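What the sequence shown shows, in my numbering, is residues 103 to 1187, in sequence order.
Positions of the beta carbon are idealized from the N, C-alpha and C atoms, including for glycine.
As the structure is a prediction and not an experimental result, all values here were calculated from the model.
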Amino acid sequence: MLLLLAALSCIIQHSLGYNLETELPVIRRGDTGSYFGFSVASHSYKDFSTPQRNHSWMLVGAPKGNRTALPQIESPGVVYKCDFATNAQCSELELDKKGNINGDQKENGWFGVSVMSEGHDANVMACSHRLLHIEGSFYTYPGRCLRAIIDDGNPFRTKTQDYCELRNQNTSTKHKVAILKICPPAIITWWEQVDDQGNVENVPLIGAPGVYNYQGEFIYYSREQMEVYKGNSPHGYQGYALAQGSFFKAGKNDVASGAPRFDHHGMVAVFRDLGSGKFQKDPKVLLPPVEDGSDNRRQPGTGFGIALCAEDLNNDGLSELLVGAPFYSDDLYPEQGRVYVYEYKGSENKGSENKGSENLVLSHKLPIGGRKDRWRGNFGRALASVGDIDLDGYQDVAVGAPYEDSGDGTVYIYRGSEKGLVETPMQVIKGSSVSPGIQSFGYSIAGILDLDTNGYPDVVIGAYQSDTAVLLRSKPVISILSKITIYPDTFDIKGRNTCNQTEREGNKQFATSCFDIKVCTKYTERSRKVKEKIDVLLIMKSDTDPEWEADSRVLFQKDQKNAINRTELIGGNDTCFYWFAYIREGVTDADVYPDIQFTLTYQIVKEPTPTVSSPTDVPSLVPFAVFDPLKPQQATAVLSFKRDCKKCVPDLKIDVSNSKKTLAVGAKNYKLTVTVKNDGDDAYNAKFFVTIPRGMQIGKIFSVDKEIFKGKAVEVTTLASNDTFVTVKLNTPFKKKEQPIQIVLDTSRYSDTPDFLPIHLNTNSTNEEDSDTLADNNGFLNISIKSQADLEINGTTVEEQVAYGGKVVGESAMVRAEDIGNEVIHKYFVKNRGPDPVPLTEVIIEWPFEATSGKHLLYLVNVKVDGNRASCKKIPGQLNMLGLETSAGGSSGQQQNDTSVDAMVERRRRRDVEDTESSSKVKRETEPTKPEKLQSDLDCKLGFAKCTNIHCTIERLKADEDVTFTVISRLWNGTMIEDYQGELLRVISHASVRSTNTYVQETNKENNKAQVGTQLNPDVNVAVPSKGLPKWVIPVCVVSAVLLLVLIVFCLYKLGFFKRQKFDKNITDPEEVDRMLDNGKGYYA
């Protein structure tokens, strides 16, 4: 029944902001299990004996607590007053001293489930929503609220708000049970009424969510009248939360009433103020919005309307309405909670889904984004308007998420502004940071009043599961005002020197110019109540322009650095002091732009958190003041240079007309020729930028055949795209002239595939140009790339003939590669016959690794490459897939008639040197002659084998350079004996070569492919087993046998074999037996 017990009001209070102090909280604790902190309020009143003094209380409800004055009643509930400045313990606020009289049963009555303060020197009100009243055999739960004036710290003229009893008196007995048996006053808020004489009365608005079978209602209860209002919300718990504000028209007191269980998804009824305590009977209805991805259905069980808050957040005279839905869930974070913000947007829109409330529009959804620690956090379980915490002129609101952060709880503070609510919280306060071990922090929140009298509203937060209430006080908000004066304020670099300074390194003196910097500073504070001085660290930096920050032109005399600081005790009046600085050694007239900027920043010197000796020790928060985030937290000043130009507006241009538009890659260096011009005033810190595509190497940078750009004048940076970004610093000031620049580019490593080379160029200076002259500051060269090459590939086999046969080893029994069969090695030679290099060459070898039956054929052992810039892609399961033992390099030795690989390579290279003819002759020499008895080729291209592709690449293959690929394999002996026993075969591999760069033109494409064959012979020393019967023999024999059997049966039938009499063994008469045996011949008659 926690939903009914919640008693959460929009206690418009200001909670948690960036200036709420969490390291010095005021903490009060109640009896264990009393639910101390279930409801909270802040209250203050004047001390009549000392009018200048105010007393401040934290009011805390403990609805399961026991009262000292009523020891005989179990858990009636208690309201405590906590005078934190004078008493270490909270004491009971004796609003009710009566026991169980007149039919009242106060056991477990939950007095203190709601507690409210009307403000400074005003009434206090608390409710007991589970009070039981017995009248004969008639039992009701009418609930009861008590309202009292506080006089000298004690309740005075306590008045019982027994509106349910009054309603029962006007209701016939037969209707009492059905209508008002449960009439719990769970929620209270205030409504201001002004009479004809101008007197203001705070009229309580009381929610009764249990009446009319939990349909609920709220009651307007003034001295003169009692009005009841309810919406059409069966079982909706109408009145569970109330909020009063001017939603539609400034100056009106409209009322919003929450029904969190209406139609399972909840709703809010907004009653318009008609004046004199009358409200519109047909309320505006707000339904929870349909969330994305919910199939146009409202999420049930979110508790929409369980908490409400009304506050004018943008000072337009109209209140925004905040609606809590603490059980809202998404796919990742169940019951994380959500708060919806509605505001007035003008005349009604008849197309709105919220019938009758079209002019209250959803403007915000909080919080923004999800987090893991919000799991079941119940964000929006408590809402509070907490006043203007930081005194920025806009009201602030607090949102409680009491079960966030593993149940510790969190409170969020949201700022008001000219545009309304700011969605990013200005402060997030975790309960664990306030009091370790606290639980349900943020279940109740209250504020508005300045309890420590420093001019800022403070916040009270309840954590009932820990029986704890916490007061967080607001820190002062200050702004630093500084004035910086420089003497002299204009500096002529060519003028006379005024002082001598010591070099930063060494003791050598040099003449320079010195100047004084005067700083005067003070602070202003928003409440204008703080008068104490505050320690502030002042930090000044010179030359804060990014161009000069690393090598400042001005240093301070004290430490010969470009930064200086000091701590000053600053108050409301100016505090002044001097710093002394000078122009650094080596600064010339080339360095006079931009002007030197000085920046003064501030840091409040944080005092150590004081040790609190007793619960009543409440230290001042002035030493912990915070800066006003809406004001600049720095001051600046400028030291101006005297320059040759007045406006100093340059006009820079780039001319690339002298650069060549074509490039032969790798053939020679490319010279990028650019002219930078200035047709305007002096350009200071002028720079030239060029972006070179990846693969191009930057060489020297010249100007009129003289290398002048080097060292610090050139910066080379590699971009994320691997392009090269070059910065060339031009002479400064770059006067009205032309500057030719040549950049030498090495193209030998360029390997990108586009047929053009894009080069981007730009120039600028520190002093900006006019916007209409910026177009010619950029340049672009799209250089066409041209390259010619003749790629050639040839092949050979180490052994032209290889035998198969003999003993067959099963695959599972194989240990070494020799167990497979004899070795087959093919070699392919790739050569670039020029004239240009090829950036990237691709070689594909098609290797016959399987027979058409799917069995192994040439088992790949290894692929060797003899070039450092060549490599082959390793595909899992392609090389030595069985993981057999091999000799170094992948070869496992030669068969008896093999020639060594090294010898073969040497012989091949010798032929290349001696033979100057074309590669066709090499192919003829390396391809074996097909023998007369050869039956077939095991060739993938003919479909008699299956191939796997070996992908290899060669980077930067120069002219007349060659690379050798050696493929080492083993002939699978078992496959040859099973599938090809006795046959003469030839196994063939293929290879091709091409350039992957589209700009490389092949001069001869006829020599881009090659093939190598190895003859496979059966071993003559192995007996050839007889061949099996042809497949047609067996079916012919079966058919013949069947026909013969049919013929025999037919002949016996014709001879009467199947018609003879059978011998009857049961006949014993000899004569009859003889007759049947027919003279003893032994056959049937």
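Decide if S955 is buried, meaning its Cβ has at least 16 other Cβ atoms within 10 Å, or exposed.
exposed
Return the CA-CA distance between T124 and D569, expressed in angstroms with no decimal places.
19 Å
Please report whether the beta-carbon of E209 lies at a distance below 7 Å from any beta-carbon of chain C.
Included in the structure is just one protein chain, with no chain C present.
So does the region 965 to 978 actually touch the region 1065 to 1073, counting three or more Cβ pairs closer than 8 Å?
yes
How would you write the range of the alpha helix (DSSP H) that M369 sits in, first residue to last?
Run containing M369: none in the alpha helix (DSSP H); it sits in the beta strand (DSSP E), M369 to F373.
Can you name the start and end residues of the alpha helix (DSSP H) that F320 belongs to?
Taken as a continuous stretch (DSSP letters only), F320 belongs to no alpha helix (DSSP H), being part of the beta strand (DSSP E) at E319 to Y323.
At what residues does the beta strand (DSSP E) containing S1097 begin and finish?
L1087 to S1097
Going by DSSP, which residues form a beta bridge with R588?
It should be noted that the sequence gives Ile, not Arg, for residue 588. The partner list for I588 (beta bridge, DSSP) reads I619.
Beta-carbon proximity check, A683 vs I586, cutoff 7 Å
no
Assuming M160 is part of the beta strand (DSSP E), what are its boundary residues?
N156 to A164
Is the region 477 to 487 touching the region 617 to 630, taking contact as three or more C-beta pairs under 8 Å?
no
How about G801 and V830: do their beta carbons lie closer than 7 Å?
no
Distance between K635 and V724 (C-alpha atoms, nearest Å)
9 Å
Smallest Cα separation from I947: which of G923, V1102, A919 and T1066?
T1066
Does T829 come out as helix, strand or coil in the three-state DSSP assignment?
strand
Pull up the DSSP beta-bridge partners for V180, would you.
A164
Are the region 397 to 416 and the region 503 to 513 touching, with three or more C-beta to C-beta distances below 8 Å?
no
CA-CA distance, G782 and K789?
15 Å
Of the listed residues L883, D356 and L388, nearest to G379 (C-alpha basis):
D356
Report buried or exposed for A371, applying the criterion of at least 16 other Cβ atoms within 10 angstroms of its Cβ.
buried
Could you give the distance in angstroms between the alpha-carbon of C229 and the alpha-carbon of Y442?
28 Å
Own chain, CB closer than 7 Å to K447, minus 5 neighbours either side, in chain order
N461 and V463
For F1046, the nearest candidate out of V1089, K208 and Q317 (CA to CA)
V1089
Between A171 and K200, is the Cβ-Cβ spacing less than 7 Å?
no
Taking all protein chains shown into account, do 16 or more other C-beta atoms lie within 10 angstroms of the C-beta of Y1155, making it buried, or fewer, making it exposed?
exposed
Quick one, which of S805, N824 and A822 has its alpha-carbon nearest A815's?
S805
What did DSSP end up calling E952 once you bin it into helix, strand or coil?
strand
Exposure of K166, with buried meaning 16 or more beta-carbon neighbours within 10 Å
buried
Is A352 near P578, with beta carbons less than 7 Å apart?
no
Count Cβ pairs between the region 741 to 750 and the region 686 to 695 that sit closer than 8 Å; are there 3 or more?
yes
Hey, would you say A361 sits closer than 7 Å to Q340, going by beta carbons?
yes
Cα-Cα separation, A919 to G897:
24 Å
Assuming S1038 is part of the beta strand (DSSP E), what are its boundary residues?
S1038 to L1040
Whole angstroms is fine: what's the gap from S1142's alpha carbon to E952's?
42 Å
Applying the 10 Å Cβ sphere with the 16-neighbour rule, what's the burial state of E237?
exposed
Inter-residue Cα distance where the pair is R668 and L640
6 Å
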